[in-house]
Structures are given as structure tokens and as C-alpha cells.
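2 protein chains.
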Amino acid sequence: MSLNALHTPCLLLDKKKLLTNIGRLNTHLAQFDVRLRPHLKTLKSVDAARYMLEDTSAPCTVSTLEEVKQFAQAGFTDITYAVGISEHKLPEILDIQNQGVTLHILLDSFEQAQFVHAFCQDNGCKLSCLIEIDCDGKRAGIAPEDPQLIAVGKILASNGLYSGLLTHAGGSYDCNSLDEIRAIAQQEQNAVRDAASRLSAQQIDSAIISVGSTPTAMLGDGFEQITEVRAGVYASMDLVMAGLGVCRSQDIALSVLTRVIGHNREKNWLILDAGWMALSRDTGIASLQYGYGLVCDEAGHVIPELCVNSVNQEHGIVALPEGLDLSHFAIGTLLRILPNHACATAAQHAGYQVISNDEMDYWPRFGGW
Amino acid sequence: MSLNALHTPCLLLDKKKLLTNIGRLNTHLAQFDVRLRPHLKTLKSVDAARYMLEDTSAPCTVSTLEEVKQFAQAGFTDITYAVGISEHKLPEILDIQNQGVTLHILLDSFEQAQFVHAFCQDNGCKLSCLIEIDCDGKRAGIAPEDPQLIAVGKILASNGLYSGLLTHAGGSYDCNSLDEIRAIAQQEQNAVRDAASRLSAQQIDSAIISVGSTPTAMLGDGFEQITEVRAGVYASMDLVMAGLGVCRSQDIALSVLTRVIGHNREKNWLILDAGWMALSRDTGIASLQYGYGLVCDEAGHVIPELCVNSVNQEHGIVALPEGLDLSHFAIGTLLRILPNHACATAAQHAGYQVISNDEMDYWPRFGGW
Numbered sequence: 001m002s003l004n005a006l007h008t009p010c011l012l013l014d015k016k017k018l019l020t021n022i023g024r025l026n027t028h029l030a031q032f033d034v035r036l037r038p039h040l041k042t043l044k045s046v047d048a049a050r051y052m053l054e055d056t057s058a059p060c061t062v063s064t065l066e067e068v069k070q071f072a073q074a075g076f077t078d079i080t081y082a083v084g085i086s087e088h089k090l091p092e093i094l095d096i097q098n099q100g101v102t103l104h105i106l107l108d109s110f111e112q113a114q115f116v117h118a119f120c121q122d123n124g125c126k127l128s129c130l131i132e133i134d135c136d137g138k139r140a141g142i143a144p145e146d147p148q149l150i151a152v153g154k155i156l157a158s159n160g161l162y163s164g165l166l167t168h169a170g171g172s173y174d175c176n177s178l179d180e181i182r183a184i185a186q187q188e189q190n191a192v193r194d195a196a197s198r199l200s201a202q203q204i205d206s207a208i209i210s211v212g213s214t215p216t217a218m219l220g221d222g223f224e225q226i227t228e229v230r231a232g233v234y235a236s237m238d239l240v241m242a243g244l245g246v247c248r249s250q251d252i253a254l255s256v257l258t259r260v261i262g263h264n265r266e267k268n269w270l271i272l273d274a275g276w277m278a279l280s281r282d283t284g285i286a287s288l289q290y291g292y293g294l295v296c297d298e299a300g301h302v303i304p305e306l307c308v309n310s311v312n313q314e315h316g317i318v319a320l321p322e323g324l325d326l327s328h329f330a331i332g333t334l335l336r337i338l339p340n341h342a343c344a345t346a347a348q349h350a351g352y353q354v355i356s357n358d359e360m361d362y363w364p365r366f367g368g369w
Numbered sequence: 001m002s003l004n005a006l007h008t009p010c011l012l013l014d015k016k017k018l019l020t021n022i023g024r025l026n027t028h029l030a031q032f033d034v035r036l037r038p039h040l041k042t043l044k045s046v047d048a049a050r051y052m053l054e055d056t057s058a059p060c061t062v063s064t065l066e067e068v069k070q071f072a073q074a075g076f077t078d079i080t081y082a083v084g085i086s087e088h089k090l091p092e093i094l095d096i097q098n099q100g101v102t103l104h105i106l107l108d109s110f111e112q113a114q115f116v117h118a119f120c121q122d123n124g125c126k127l128s129c130l131i132e133i134d135c136d137g138k139r140a141g142i143a144p145e146d147p148q149l150i151a152v153g154k155i156l157a158s159n160g161l162y163s164g165l166l167t168h169a170g171g172s173y174d175c176n177s178l179d180e181i182r183a184i185a186q187q188e189q190n191a192v193r194d195a196a197s198r199l200s201a202q203q204i205d206s207a208i209i210s211v212g213s214t215p216t217a218m219l220g221d222g223f224e225q226i227t228e229v230r231a232g233v234y235a236s237m238d239l240v241m242a243g244l245g246v247c248r249s250q251d252i253a254l255s256v257l258t259r260v261i262g263h264n265r266e267k268n269w270l271i272l273d274a275g276w277m278a279l280s281r282d283t284g285i286a287s288l289q290y291g292y293g294l295v296c297d298e299a300g301h302v303i304p305e306l307c308v309n310s311v312n313q314e315h316g317i318v319a320l321p322e323g324l325d326l327s328h329f330a331i332g333t334l335l336r337i338l339p340n341h342a343c344a345t346a347a348q349h350a351g352y353q354v355i356s357n358d359e360m361d362y363w364p365r366f367g368g369w
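Sequences listed follow chains A and B, in order.
Here the UniProt record's numbering is used: the first residue of the first sequence is 1, the next is one more, and so on.
Here the UniProt record's numbering is used: the first residue of the second sequence is 1, the next is one more, and so on.
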């Protein structure tokens, strides 16, 4: 297998690392009575999804209507669209459901519950709704103790539209230790358990109780009453996850292959043909700064102290530390850049050059809405 | 024309503003004896390029080999590939040149000049080379006074490979006033004039002397000895350009159409269906902070004090200031977000919904390398 034949920049996916990462989370969750519902928004690849899901009937999560369409078309039949629904998207949701897909939509307001109910009445149909629960004040969702929860639950349940609860601990990305992540994982589970028991007291039963983020999925335990766990980045991993301690940098399956295209002798800079267009503008989280990504050699080994310090559209700049000379990196040298945030870096590319021991493959990915 | 029929998020391009912006730079440069060589990397759209160039024989600039291929295939015949060349890309460059395209490549080292010369000898061909000049220490290029300039010029010129000089004042983005931009524009021109005269003293004549960035193109004057000016963002403009004073926010032709998909009542937040996937992670320049973009109403008028304060992959959060109530923005409300950086935001989308008085059109764009 020679990377030298590849156009640069391009996105590499190390298949062995991918499968190892997938296996790790599966093994962890196998200890508990809970199912994994992988989030497919990171890789957006049908080929990758086939390794993340047991079969096409296994549950999965997506973040756009385009993902719903693409994965439904690829035969996947149990999809949660985990972004708050707008009225405008309901006709397409119904179309896809009518193709035989079990589709769960998400909402967190009485207003949304009302228009979903009205749409179902008008169309003589049922849609499966999950109520989003806010477990950490980071984004959307109804707090478990908010009286609105009961009002939304009632209008849905009384019309046969209620399936359960979903929450996402976005706060797990701000943790400073594994113990903090474990605490957030408990907080995430407690929020939906609390909401479920408040609804249960009103005779509203939650068939689905869904939690998840990669850190809380990897480190959470117990999972009592929780029916499923969602995670996306776990398959590829990235520097944010390595920084949080959820994986090691050598577990990261994704990297951007780039070539040295110039030297700034005065400043001891390498110029790469991977700028923000190939790496994304994502700089990770404030407490863990690797510029625009850690630099590895062609074989994928991290070169200590080297990161992409700044980027333009098609240029990356690596400032060499003292003692490291430009002559070690002749123009044309291949390097790999580990991504800060896999979702963002992968989104800049049309597909993956999949590398395994002796073979190379290409897996397309899609974007759009 | 109803925006309500559009899927959100999507990218809007206001055709009237686009044409006005294009006209403005053309009018400015018409005062001088210099030609515009538009940079097509911002919009990456053949349809848009037809409005930026007089005809397919007019000069243009690109930043990737994929752009070279796409624009050559669309019939454009005078293309500068303005990113330092690597040896690996030369066979494709020659292929495209052999299709009848005048193609200029860029280099800034003796090493590159050597491998281009060797390639031309091996293939019995000539390639047109520009030497990149460093005018502000921001990225790549040879400083005008660096003796390497003469060495590179000589190996190219003696083999019939030398066409001229190119520089880019990336520093113009860091300016705090229009007068500073004007000073940088002079510095940019002086750098290549200086380099040209040093080469000229060695009987090496520069047929092309190319400068440019949108700020220095819009505000530069004189342009003595300069043969061409490059600019890309000028056609669409963005919040960085508005912040620099190069345009007004109402001149920005590009915006992301989004819908309100939720309310966080406790925090007085709007949740939008445009996150970083639709807006990009680009936060502009440090001195001009509009979060992830300024918020406009459906008609495109800026709503004072509103910007997208934070983003997740498919969620944008707008924190409403005191006195502005969530009830003004019912779930389903259409809003437009002005981009910090047009190149980055446009790159997140597959095409433009082009709006003019009564019509809508769709212009595809491409990505990749």
C-alpha cells in the first residue's frame, strides 16, 4: 500500500483502528442492559455504518433529513432524527416512514407537539415522538422538573404519538477529568430517569429512554432504566476525545494526508497543502490546544511537538521547534494531520481513503440537508 | 419568490448584490492600467465565474487542482494556480495545459524550480512559472531582497519557464483602518516592483506582475508596473470585509437561510437549524466578533444586536437581548445569517439558491482537490 499515489490533501481512515474503536464501545456497553444506537453524523458513510451497526434493522441516529433519506435508501430501518423538528420537515418524514422505516422525531415544546398532532390528524397518520430533556443547560430540551414536560407528554401520549425521552450531555466535552465525565454520565442518566418517573406518575410510559455522547457512553455505567445509548465520534475518535482521556492519540482512525509544498527558511516553517479547507476551522476545546491538528509522519506516528499552527484556505503552516530542521521535511514529504474534531474535518471531504494492512478502498460520504 | 419553499439550512446568493459588488471592483480598477484576474476559490461556481469574467479567455485564479480541472472543462483558458506547486501535481498540470489552457503555476524555492525544470526536460515541455514574493511575512514567498530570488529566476528564465511574479497581502486582513489597508496595498505593490527590478537588472523580464487580496484590490491605487490584480471575496463580500470597512453589511450577497426550531425559555435563546455544518466554524478576525454570523430577517435586513452566539453541528443558538422576546420568533420563523467568511461558509454547501427580483435559480458549486 503506497500513500504516495494519493492526491493530497485527502482523508485517510485506518480500518483496523476504526474496528477496534467500534469494538471497544460495544464491549463496554455489553456489560449493561442497554443498546447502542450509533450516531451516523460523524462519518456520514453507508460503508462505515455497516461496521457500526449489527445489521440494517439495528437502531441508528442521524442529525439531518438528508441523512434520514440516505440511510433509509441504504436499507436502514430504525432511525432517530435527533434534532428538534420543524413543521416544514414533516411531509418528508412521513414519506420516509411510509417506505417502511421506523422513524423517531424529536421535540421540546408544546408548540411542536401541537403541530405534529395537527399534521397527524390531517394526514391520518402517527409519528413516533421523543421529548428532548435538558440535562445540563447547554442547548435545547425541557428540564425534567419543568411542568411543560407533563403538558407535552399528555398531548403526545393521548394521541398515540409518544415513544420516549432523549437527552445529550454536551457538557461532557467540558470536563477536566475522567471522574468528571463519569459524574456527567450519571447526571445525564438521572435527568431522563427523573423525567420518565414524572411522566410515569401520569400514566405515561416511556418505551425509549435514550442518553449519550461519546464520553458518557464510553465511561458511563449502570444504565438502569436507560434503554439506549447514542455515540458518534467513538468510531473514529479525534484529538478532543484524546484530550479528554477517552482514547489515546494512537487510537484516532482519521487523518488528513498532506504534502510539504514549501519552506519558510527565515521562520523555520513548513508550508503544507492542507489548509482549513482540508482540516476545518475547528480548533477543538479551549483547554486542549493542538492548533489545527497534530502532525504525524507518513506512517501515522505523532511527531512530538509538531502541530499545524495556522491555516489559510489551502495552506497549513507548521512552525518547527528549535533543533528540528527544514531539511528533515523536503518539499513533497507526506505527513498526516490528526483532526481536532472528526465531525468537522470529515465534513470537508467527499470520502475516505480507507487503509488496512495491504489494501486500499474508497468510501464515499455525503453532506447537505 | 417565496423562501418558504426552500429546505433549511441552505445558502442564498443575492444576484443583484453579487453583480453590484462585481461592478464596484471593475469600476475601481478601470481607473488604472491593470487587469483583474478574479480568484474563483470563494464561490467555486462556473455560473458565478461567468459574471466575474468578461469571457472564457479572461484571466482567472484558482487554489486547487480540482478548480483548475473544473474551470478548464468549463472552457476557461487562462488560469493561475496560486498555491505552491508540488512535483506530484505536475503530470496533471501538463495534461490540462495540453488541452489548450494557459496555466501558470507558483513556486518559491530553488528546489521547486529544479523539479519543474527536470519535469519539463523529461517531458519535452514548457510550464509557465510565477515566483511567489513574500510582501508581509505572513505565509510563503521569497522576500524581494533574498538572493534566492535571483537564483530561482535564473534557472527558470534560462530554461524558458519564467513568466513573472505574484504576491498576496494576507496582512490586509489584520488592518484597523482604511488608511492601513491603503498602506498595505502600496507595500504589496512595492514588494513585487522591487523584486521585478532586481530580476530586470539580471536581464530577467517579468511579463506578469500580480498582486492582490480583496482589501488591497478595492483600496489600492497607482498600480504602476503591476499587470494584474487578484481578488475573490469581493464578489460576495462577508462580515470580515464589512468589518474592515471594505463594504457595508447590506452589500453582502451571501447568507444562510435557517429556521427557528426551538426556544430555550429559561435562557431566552432561539435554537436554529443552522449549526457549524451550515455556517462553518469560522469566527472571522479577532477584532471583529459577530459570533458565527449576524442575524437578518427573512428579507435580509440585519436585526440589531443579534448574532449566532454558539453552534453545535446542526444547532445554532441566538441569545436574545433583554427586551426582545421569543414570541417574536415563533418556531418555523425564517432567518438569514450573514457569513463571517464567505469562502468558509460557502464551502459547507453544495450550491447556491440564487435569488433575484422575481426569480430563483440554483447554481451548483464544487469542492475537493
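Glycine included, C-beta positions come from ideal geometry on N, C-alpha and C.
Residue i versus residue j - alpha carbon distance
| i | j | result |
| --- | --- | --- |
| B:I133 | A:L53 | 52 Å |
| B:R259 | A:D78 | 26 Å |
| B:V68 | B:L107 | 17 Å |
| A:M277 | B:M218 | 25 Å |
| B:C343 | B:P304 | 25 Å |
| A:E66 | B:L279 | 17 Å |
| A:L156 | A:G245 | 40 Å |
| residue 375 of chain B | A:I271 | Any property of residue 375 of chain B remains undetermined from this structure, which presents chain B solely from 1 to 369. |
| A:Y51 | A:S249 | 22 Å |
| B:F329 | B:G164 | 55 Å |
| A:P200 | A:Q121 | The question names Pro, but residue 200 of chain A is Ser in the sequence shown. Roughly 25 Å separates the two Cα atoms. |
| A:V211 | A:G351 | 29 Å |
| A:A183 | A:K154 | 31 Å |
| A:L335 | A:A113 | 51 Å |
| B:V318 | A:R139 | 11 Å |
| B:L43 | A:N312 | 16 Å |
| A:Y234 | A:N26 | 10 Å |
| B:D282 | B:L294 | 13 Å |
| B:Q348 | B:G291 | 17 Å |
| B:N309 | B:N21 | 28 Å |
| A:S206 | B:D238 | 47 Å |
| B:I142 | A:G332 | 19 Å |
| A:P59 | A:F110 | 27 Å |
Outcome for residue i when other beta-carbon atoms lying within 10 angstroms are tallied against a minimum of 16
| i | result |
| --- | --- |
| A:N176 | exposed |
| B:Y362 | exposed |
| residue 372 of chain B | Past the edges of chain B, shown from 1 to 369, lies residue 372 of chain B, and the structure says nothing about it. |
| B:T80 | buried |
| A:E228 | buried |
| B:A72 | buried |
| A:K17 | buried |
Residue i Cβ short of 7 Å to the ligand GDP heavy atom set
| i | result |
| --- | --- |
| A:L36 | No copy of the ligand GDP appears in this structure; indeed no ligand is present at all. |
Span of the alpha helix (DSSP H), counted from its first residue to its last, around residue i
| i | result |
| --- | --- |
| B:C10 | It is not in any alpha helix (DSSP H) - B:C10 instead sits in the beta strand (DSSP E) that spans 10 to 14. |
| B:C247 | Premise fails: B:C247 is in no alpha helix (DSSP H) and is neither H nor E. |
| A:P215 | 214 to 219 |
| B:Y362 | Element bounds for B:Y362: not the alpha helix (DSSP H) but the beta strand (DSSP E), 360 to 364. |
| A:V46 | 46 to 52 |
N-terminal and C-terminal residue of the beta strand (DSSP E) that residue i is part of
| i | result |
| --- | --- |
| A:T61 | 60 to 62 |
| B:S210 | 208 to 211 |
| message | Tell me which residues of the region 312 to 326 of chain A have at least one Cβ-Cβ distance to chain B shorter than 8 Å, keeping chain order. | response | Answer set for the region 312 to 326 of chain A: N312, Q313, E314, H315, I317.
| field | Every unbroken beta strand (DSSP E) within the UniProt domain "D-serine dehydratase-like" (253 to 356) of chain B, with a cutoff of 3 residues, ordered by chain | value | List check, beta strand (DSSP E) in window: 254 to 264, 269 to 272, 294 to 296, 302 to 307, 316 to 319, 334 to 338, 351 to 355.
| request: May I have a chain-ordered list of the beta strand (DSSP E) segments no shorter than 3 residues that lie completely inside the region 126 to 204 of chain B? | output: If we require 3 residues or more, the beta strand (DSSP E) runs fully inside the region 126 to 204 of chain B come out as 128 to 133, 162 to 167.
| In chain order, each alpha helix (DSSP H) run of at least 4 residues that lies wholly inside the region 74 to 115 of chain B | Entirely contained in the region 74 to 115 of chain B, the alpha helix (DSSP H) runs reaching 4 residues are, in chain order, 90 to 98.
| request: Can you give me, in chain order, the residues of the region 94 to 127 of chain B that have a beta carbon less than 7 Å from any beta carbon in chain A? | output: Within the region 94 to 127 of chain B, the qualifying residues are D108, S109, E111, Q112.
| Any residues in the region 259 to 273 of chain A with a beta carbon nearer than 7 Å to a beta carbon of chain B? Which ones, in chain order? | Listed by position along the chain: R259, I261, G262, H263, N264, I271, D273.
| field | the region 6 to 26 of chain A: positions lying closer than 8 Å to chain B by Cβ | value | The region 6 to 26 of chain A vs chain B, Cβ under 8 Å: H7, T8, P9, C10.
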